[in-house]
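**Student:** My structure is below; once you've seen it, I'll send some questions.
Numbering (my numbering), first residue to last: 1 to 171.
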């Protein structure tokens, strides 16, 4: 997509890259393990990027985007694709590509590594790589990291009194 976006007339693709990536992530998480549902959600991108959020499939089935309805202001502020534009045709060729479609079937299990990355970050807190530890000390530090990680897995995010998520911004 990045290579297509660099071509003349396709610059709009570059502005949508992050949103399209997020959409693929959402499709994988919302498909429920079904390759057909994953493909249907992925193909819905072609409607969404043109500002169409409710449409009929070829078989007459009514579908709509899963996001909340956009306000008139949000609808007008987006840079929607024109279905006749070269950028839209380039996006359409990417979304409907048969090789990508076959690869999508491998994404139905929706596995990601955030838990593993979190555990490794915890290990580095207890046993930094730049410091050498004796075997027994390293073993104890790894066990502490595992205990710390396991005690925080599945924990709910803190909220304020108003119910909003509590966030700490680090500079």
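Every residue gets a Cβ at the ideal spot worked out from N, C-alpha and C, and that includes glycine. From a predicted model like this one, the values you see are computed outputs, not experimental measurements.
Taking the continuous beta strand (DSSP E) assigned at residue 68, which residues delimit it?
**Tutor:** No beta strand (DSSP E) contains residue 68, which DSSP labels as neither H nor E.
**Student:** Ignoring anything shorter than 4 residues, give me the alpha helix (DSSP H) runs that lie fully in the region 38–126, in order along the chain.
**Tutor:** Within the region 38–126, the complete alpha helix (DSSP H) runs of at least 4 residues are 45–48, 72–77, 86–95, 98–104, 114–126.
**Student:** If contacts are defined as beta-carbon pairs under 8 Å, then residue 65 and residue 44 qualify, I think. What distance do you get, rounded to the angstrom?
**Tutor:** Indeed they touch by this definition, with Cβ atoms about 7 Å apart.
**Student:** Out of 88, 33, 159, 157, point me to the one whose CA is closest to residue 107's CA.
**Tutor:** Considering only alpha carbons, the answer is 33.
**Student:** Is the region 46–56 close to the region 77–85, with three or more CB pairs under 8 Å?
**Tutor:** The region 46–56 vs the region 77–85: in contact.
**Student:** Taking the DSSP output, what are the residues bridged to residue 165?
**Tutor:** In DSSP, residue 165 forms a bridge with 159.
**Student:** Where does the unbroken alpha helix (DSSP H) through residue 2 begin, and where does it stop?
**Tutor:** Where residue 2 is concerned, the enclosing alpha helix (DSSP H) stretches over 2–5.
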